[in-house]
Amino acid sequence: MAILFNVDGSIASIDDDTPDKAIIGKQEVPFISGAQLRSYAATVYSESSHNGILQFVAPNDPAREMQRETFAIAYSMYSYALAKSAAFKKAKRSYGLADLLVDSNYTKGINSPQHQEYFGTGGDETRRRQATLAVIKLFTKQTTDVSDIIQTLQGGGYWDGSDIFRKFPDHYRCRQGFELSNAIHGDLYKNVPKVNKTIQSCPATDAKVSAQRQFTFLSTMTAGGTIFFKLHPNALAQGVTW
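Here the numbering used here is used: the first residue of the sequence shown is 1, the next is one more, and so on.
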């Protein structure tokens, strides 16, 4: 099944009688099939923020913020897969793209209604196109306009949205311990109705983790309604790899 995408990320046509590949313009997207690309984009779609949140966190340019957030999520997924693949290889196991796309322990959005919404005609068409373009940019390496995001993520493979603010300090990331590299990251939802909350660095509260280290994660940036993390030097020093 060949899927031909328009340059805006929408689908131009689907040919069920040809090999499974993704094409944008006249270029085949390398290293990923058409079905995999849509599955990847559906996860990005389900994990990124809706326009209502963007209007509060980035009122001056919500469209650009959506682009930043969707690409940052797509790139974080890629970074996570690389790190986990390297760790698995040492254990003589394998972890690749096919595994990432069904890894519900990592991307909870896989099982959400919004993941399926991506494949329909309803929902947020702008976010659908941006999520698709984020994956296309990633695999075609046409990332000039988002190179700053790649640098700022620093190889991080983790993120959280409004739930870390709603559940703080009982959120999983807090139980594992996280440090904010910039206090401003904790202000992301302070002006968002129904959340209206600020968070701070949170040393590990899980007894097994706190006995070993203070922090497991370190924030790197925010984009849209999402805060992104990499592994903290405390965790890396103890051999944590993914």
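Backbone N, C-alpha and C fix where the C-beta goes; we use that ideal spot for every residue, glycine too.
What whole-angstrom Cβ distance do Ala223 and Glu117 have, given they're in contact under 8 angstroms? Not really, about 21 angstroms apart at Cβ, beyond 8 angstroms.
DSSP-derived helix/strand/coil call for Gln214: coil
Under 8 angstroms Cβ to Cβ from Phe88, same chain only, skipping five residues before and after it: list those, please. Ser94 and Tyr95
Straight-line gap, Pro203 to Asp15 (C-alpha atoms, nearest Å): 52 angstroms
Nearest-angstrom Cα distance between Ala12 and Val146? 25 angstroms
Selection from Val44, Ala63 and Thr43 that minimises the alpha carbon distance to Gly52: Ala63
Roughly how many whole angstroms lie between the Cα atoms of Met77 and Gly157? 6 angstroms
Where does the unbroken beta strand (DSSP E) through Tyr158 begin, and where does it stop? Tyr158 to Asp160
Below 8 angstroms, can you find three or more Cβ-Cβ pairs linking the region 161 to 170 to the region 181 to 196? yes
With DSSP as the reference, label Ala207 as helix, strand or coil. helix
May I have the straight-line CA-CA distance separating Val119 from His185, to the nearest angstrom? Residue identity check: residue 119 is Phe in the sequence provided, not Val. Taking the straight line from one Cα to the other gives about 32 angstroms.
Test: Leu97 CB closer than 8 angstroms to a CB of chain C: Going by chain labels, chain C is absent from the structure shown, which holds only one protein chain.
Answer yes if the region 119 to 136 comes into contact with the region 40 to 50, meaning at least three C-beta pairs across the two stretches below 8 angstroms, and no otherwise. yes
Between which two residues does the alpha helix (DSSP H) harbouring Leu133 extend? Glu125 to Thr140
Selected residue, minimal CA-CA separation from Pro169, among Thr226, Asp148 and Thr198: Thr198
Reference Phe215, options Asn196, Gln154, Ala235 and Met221, closest by Cα: Ala235
Hey, His115 and Ala42 are a contact pair by Cβ (cut 8 angstroms); roughly how many whole angstroms apart? 5 angstroms
Using the Cα positions of Phe5 and Lys90, report the straight-line distance between them to the nearest angstrom. 38 angstroms
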